[in-house]
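So that you can map any letter, position 174 of the sequence shown is 177 in the numbering used here, and since no number is skipped, the others follow by simple counting.
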Amino acid sequence: GSLHLNQRIHLKYNYRNTQKIPEFAEILHNFAESANAGGRHLPDPSNPEHAFEIGEKVAILEVNSMDDARNFLQQLSDNISASTQQDDRYLLRKLSRQAHLIYKHNHELVANCLPGISYLKAEEAKGREFDACIGFFIFQGEGKPSFEEANIWYTIATRAKSRLLIIATPEELERLGERDQFTNCDWYTSMDGNFLISWISELSGAEDLSEDVDAVDRLINDAVNSDPPLIHWDMYTVLRTAGDNRIN
4 GSLHLNQRIH LKYNYRNTQK IPEFAEILHN FAESANAGGR HLPDPSNPEH AFEIGEKVAI
64 LEVNSMDDAR NFLQQLSDNI SASTQQDDRY LLRKLSRQAH LIYKHNHELV ANCLPGISYL
124 KAEEAKGREF DACIGFFIFQ GEGKPSFEEA NIWYTIATRA KSRLLIIATP EELERLGERD
184 QFTNCDWYTS MDGNFLISWI SELSGAEDLS EDVDAVDRLI NDAVNSDPPL IHWDMYTVLR
244 TAGDNRIN
């Protein structure tokens, strides 16, 4: 009693996402609720009004094809790589300039990883958070979205703390129904690529290295296999921080 443990405290305020992120995620949560089977439900979403700040609208980049998406990612990679070119000898600086892309389907594009972009399957993104991230072709499929699909969409949307970019084709967006439900989003086409590249790059950054060991591995392997081979000056420091047992 003297510690006031009998008083109930409501932890309702959201310091993780800006208001525009849960507003968008709420739409995807509704898809899961309408598709629930066997009484399954997602946890109640965070009330957008309880977010610590309003933030920026979710951006939707509508592309006509995979080639358009590939071109955008290549430009994003080139932009990030150019900004870190003078820091080639420092692995930590490269890691601090990674755009995080989350995908649902194992596209050929994802198999050919571009420098400066960290690729995560939706399952790998659970429990993690990023200042900014990209949802890549996540609405692909046919027919009414299933509960499982909407669950994945909701997970991807809520990984972003401040900025979320969704890359999708018209066919994907048509699958979601009327566009009126996304009036609180900013819509872009491939012509707006330069702005979106700067928008995402500004908040690109590394998270806890212990969560991103794959990104560390890729950067080290790329450096070792380059011509001539490159050894990062802070490689062992990074490996220790990431808890990589190969350091021994």
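Yeah, the Cβ is synthetic: ideal placement off N, Cα and C, and Gly gets one too. Fair warning: this is a prediction, and the values are worked out from it, not measured in the lab.
- Looking at the DSSP output, W190 shares a beta bridge with I63.
- For Y157, the uninterrupted alpha helix (DSSP H) run begins and ends at F150 to A160, by DSSP.
- In the same chain as F198, and ignoring 5 residues on each side of it, the C-beta atoms closer than 8 Å to its own belong to Y191, in chain order.
- Between A62 and L79, the C-beta gap is not smaller than 8 Å, which leaves the two residues out of contact.
- Comparing C-alpha distances from G58 to each of I141, F27, R178 and E177 shows the shortest one belongs to F27.
- With 16 or more other CB atoms across the displayed protein chains lying within 10 angstroms of its CB, T158 is buried.
- One alpha carbon belongs to D47, the other to Q10, and they sit about 24 Å apart.
- The residues Y122 and R221, in chain order, have a CB closer than 7 Å to that of C116 in the same chain once the five nearest residues on each side in sequence are set aside.
- A135 counts as buried, since no fewer than 16 other beta carbons sit within 10 angstroms of its beta carbon.
- Burial of S49 is indicated by the presence of at least 16 other C-beta atoms within 10 angstroms of its C-beta.
- Our two residues, G119 and P173, have alpha carbons roughly 27 Å apart in a direct line.
- Annotated three-state conformation of G196 is helix, per DSSP.
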